[in-house]
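Residue numbers (this note's numbering), protein chains in the order written: chain L, 1 to 257; chain C, 1 to 400.
Note that beta-carbon positions come from the ideal geometry of N, C-alpha and C, so glycine has one too.
Right, here's the structure in full:
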């Protein structure tokens, strides 16, 4: 059992849903990111996603694009983010997920990346531009080393895509709430409810929903439909403005049941 | 994932180890829908007849294969023929693909098409296709390219397209593609993305190659008719690689020498270039696996070329595969060499080439003199240089 699945199991036992915040590692600095992770945990986060900056983040909206640019300007690399995870592991057991584009991983080498990530204390990875169809070489060693592979589903996903993604995912399934990029405006469309139902019809794996969730009311509505709520751009925006994230994350925690 | 030569790409779009589909899941249904439509219409009489009629009467095909007598005599070697894609409607080969994809989009029931553009040629071609088919059109273009190609921006607007400036990253072609992919991810239900080159996720590298290979089919017939033999060498510039694949593809079984010319910018050592084979390594970028200019951490490097259309960090996956099979060799021409060729062709033949095509001319100038006078080179003159006149004047310090 992975840290991620354990967390969902415990939450399920208590009738609760997971709060999964996302922040960009290295924005504004790796030291700051470490402190933000502590803040997020203290404010009630259950799992944390750490973004790895990439030069061409094609699934991201302007907020996360700019955060990635700042992090890259600071010299943040995949290697340094793994070092940060190792440091965080000295003081916290919170499940950590890396969200990274595929090329930095591919450049490091799939095998070396998986070994380094697991030894640093990473629990799972989300690679938005690596679909299961191309991931055979990644999934096998990830399974062998106990690294969860979290894949995405979207409102456009067909039954064939759903069954393929569900099969390839461990830890949880990431449902993209909107047909769009991160940070877009959220609408709880009917296809979303339908797709969530069809996912739950074929698997007991937890499903978390992300992209476009910012207000506590939205988080609350989503938490009634899914096992977890992912909030990224709204937090990244606060960090960019130099504001505290604690109260905001607490308000999300209160809204999610 | 292994392909036999001639039996590629595989079902998932792999050219050997290259190509594939590396995109957000949201786009997968659209790519599968596109692949199905492309495969169906490939055999559809009505679609093919409509395309053929437009190639003839709208684009102006077949384009001439012109014997460049003055250039040949001044170099004193191989006989040089120019495939005159510069005479296509809108001024470059890009229209071959843009018209075909616009027709396809309309038949798929899409109401809107989008595209990226570097030099502006593909943007103009797509805006033209949209005007012709009555589709809404939005073109993404980096702000650096908008500065270099203001004439084409105005042309796109005249044709009724919305031109959206992309002011992030390097502000060139790659950033325009990111933005077009983001638009497509958001508006995928009513929008078709008219990708302009043999790059990106499957089926684009295959589909765009098929829509461009009319260049080589014509050139092969034309040279056999005029010279009664096949050429000894083919030369074309390589940005994403669509005009070169377009020329080369019909000759692949003929075992003749083929040279792809990348943008050498200020030279490989300067780091300011777009020569992916000379300076890149295997990577995953904007939907496929290919050669990529990247740093040691896998971030994509900035590129430089005097020609906006070649200023791109990666190259079509089929090119990588054909390079491995030793079917095509790749070299580069620097900015200086391309600018010199731009002037040479203008003065010797009365043809002002696009700066992109001037890279191919530069290689022709290097290669032809050492070849026997009986031998034949075909150079793809992929576009005309009207769009580049202002930029060349600026570089030469001439006030217009």
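query: Spatial neighbours of residue 1 of chain C in its chain, beta-carbon cut-off 6 Å, leaving aside the 5 residues before and after; result: Summary for residue 1 of chain C: the model assigns pLDDT 42, below 50, so the residue's position carries little reliability; its value from the coordinates is reported in the next sentence. Only 14 meet the Cβ criterion.
query: Residue-level contact to chain C via CB, residue 49 of chain L, 8 Å cutoff; result: no
query: For residue 108 of chain C, the three-state DSSP class (helix, strand or coil); result: coil
query: Best match in C:104, C:36, C:264 and C:145 for proximity to residue 46 of chain C [C-alpha to C-alpha]; result: C:104
query: Residue 184 of chain C versus residue 191 of chain C - alpha carbon distance; result: 7 Å
query: Start-end ranges of the beta strand (DSSP E) lying completely within the segment 115–200 of chain C, minimum 3 residues; result: 136–142, 162–166 and 191–193
query: Cβ-based contacts, 9 Å cut-off: residues of the segment 92–104 of chain L near chain C; result: 101, 102, 103 and 104
query: Chain-ordered neighbours of residue 165 of chain L on chain C, where CB pairs are closer than 8 Å; result: 25
query: Interface flag, residue 2 of chain C vs chain L, CB-CB below 8 Å; result: No answer about residue 2 of chain C holds up, because its pLDDT of 45 lies below 50 and its placement is not dependable.
query: For residue 139 of chain C and residue 54 of chain C, the rounded distance between their alpha carbons; result: 22 Å
query: The segment 133–153 of chain L: positions lying closer than 8 Å to chain C by Cβ; result: 133, 134, 151, 152 and 153
query: For residue 294 of chain C: DSSP bridge partner residues; result: C:300
query: Contact under 8 Å by Cβ, residue 34 of chain C with residue 203 of chain C; result: yes
query: Whole-number beta carbon distance between residue 150 of chain L and residue 199 of chain L, since they are thought to touch under 8 Å; result: About 13 Å separates the two Cβ atoms, so there is no contact after all.
query: Listed by chain order, chain L residues near residue 186 of chain C by CB distance under 9 Å; result: 178, 179, 180, 181 and 184
query: Anticipated Cβ contact below 8 Å, residue 239 of chain C with residue 309 of chain C, distance rounded; result: 5 Å
query: Secondary structure of residue 148 of chain L, DSSP reduced to three states; result: strand
query: 8 Å Cβ cutoff, residue 262 of chain L in contact with chain C; result: Since the first residue shown for chain L is 1 and the last is 257, residue 262 of chain L is missing from the structure and cannot be characterised.
query: Short CB-CB distance (under 8 Å) between residue 56 of chain L and chain C; result: yes
query: Proximal residues of chain C, C-beta to C-beta of residue 172 of chain L below 7 Å; result: The premise fails here: residue 172 of chain L is roughly 15 Å from chain C at the closest Cβ pair, so nothing lies under 7 Å.
query: Cross-strand partners of residue 261 of chain C (DSSP beta bridge); result: C:237 and C:331
query: Residue span of the alpha helix (DSSP H) that contains residue 22 of chain C, given as start and end; result: Run containing residue 22 of chain C: none in the alpha helix (DSSP H); it sits in the beta strand (DSSP E), 18–22.
query: Residue 111 of chain L versus residue 141 of chain L - alpha carbon distance; result: 7 Å
query: Segment contact flag, the segment 309–327 of chain C with the segment 195–212 of chain C, C-beta cutoff 8 Å, min 3 pairs; result: yes
query: For residue 89 of chain L and residue 92 of chain C, the rounded distance between their alpha carbons; result: 57 Å
query: Residue 289 of chain C (DSSP reduced to helix, strand or coil); result: strand
query: Residue from C:301, C:206, C:299 and C:394 whose Cα sits closest to the Cα of residue 9 of chain C; result: C:206
query: Run of the alpha helix (DSSP H) containing residue 104 of chain L, from where it starts to where it stops; result: 102–108
query: Run of the alpha helix (DSSP H) containing residue 392 of chain C, from where it starts to where it stops; result: 389–395
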